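J.: Using our numbering, read the sequence shown as starting at 1258 and increasing by one per residue.
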Amino acid sequence: MLASLSTFAQNWAMDKAHSKLGFTVTHLMVSDVDGAFKNFSITINTSKDDFAGSAVELTAEINSINTDNDYRDNDLKSEKFFDAVKFPTLSFKSTSFTKVDDKNYKLSGNLTMHGITKPVVLDVAFNGIITHPMTKKPVAGFKITGAIKRKDFDIASGFPTAVVSDEIQISANVELNKG
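1) Any idea if His1284 is buried or exposed, counting beta-carbon neighbours within 10 angstroms, 16 or more meaning buried?
2) Could I get the ranges of all uninterrupted alpha helix (DSSP H) runs contained in the stretch 1270-1358, with 4 residues as the minimum, in chain order?
3) Mind checking Met1370: buried by the 16 CB within 10 Å criterion, or exposed?
4) Going along the chain, which residues of its own chain have a beta-carbon closer than 8 Å to the beta-carbon of Asn1323, five neighbours each way excluded?
5) How many Å lie between Thr1300 and Glu1336 at the Cα?
6) Is it true that the stretch 1418-1435 meets the stretch 1271-1285, where meeting means three or more beta-carbon pairs spaced less than 8 Å apart?
7) What would DSSP say about Lys1408, mapped onto helix, strand or coil?
8) May I ask you to list the residues that DSSP assigns as paired with Ala1429?
9) Is it right to say Tyr1328 is buried, meaning 16 or more other beta carbons lie within 10 angstroms of its own, or is it exposed?
10) Tell me the DSSP secondary structure of Ser1422 in three-state form.
11) Compute the distance between the beta-carbons of Asn1384 and Lys1400, then report whether it is under 8 Å.
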């Protein structure tokens, strides 16, 4: 008897051209400023076709931060904020990937940023799997959202929340290729 495909580990790697890791922070309590990390990677390892129980890992380079403003980007990389020299990357490693319904999951894990590791819970919308028309290989899509507190990671501790909000919105759109 043949085993089902779901009994074998499946590795999924990010398609860099079709993925984005972004964030939004409120400035002066009146406007939102968006940014993104240009260099990051996400991998998923799963043994199930519906991704439940998957292991998810993410790494992003702090020096790749981009808010479309060079002055602000350099400030964010400085010791006042992320301190990219001392802490060049941020990382996330899942502890659970729980299916809520057909298209929604809760992703729990440990986020390490600025030398501090804290548990976070993120919402994941599963956009489905298709066969890529050119490569003929499976492609999956996800949207990941959530919020973290910058003060939990000792980022910009000298800035009051009236200047830079404590809550940072996280948003990632990820396209993965089955490897």
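Quick reminder that beta carbons are idealized off the backbone N, C-alpha and C, glycines included. Small disclaimer: the values here were computed from a predicted structure and weren't measured.
T.: Reading it off the structure:
1) Taking a 10 Å sphere around the C-beta of His1284, we find fewer than 16 other C-beta atoms and assign the residue as exposed.
2) Fully contained in the stretch 1270-1358 are the following alpha helix (DSSP H) runs of length 4 or more, in chain order: 1327-1334.
3) By the 10 Å Cβ count, Met1370 comes out buried.
4) If we look at Asn1323 and ignore the five residues flanking it on each side, its Cβ neighbours are Gly1292, Ala1293, Phe1294, Lys1295, Asp1330.
5) Our two residues, Thr1300 and Glu1336, have alpha carbons roughly 29 Å apart in a direct line.
6) With the cut-off at 8 Å, the stretch 1418-1435 and the stretch 1271-1285 touch.
7) Here Lys1408 sits in helix by DSSP.
8) Leu1278, Ile1401, per the DSSP bridge assignment.
9) With fewer than 16 other Cβ atoms within 10 Å, it is exposed.
10) Reduced to three states, the DSSP call for Ser1422 is coil.
11) Lys1400 is positioned such that its CB atom lies closer than 8 Å to that of Asn1384.
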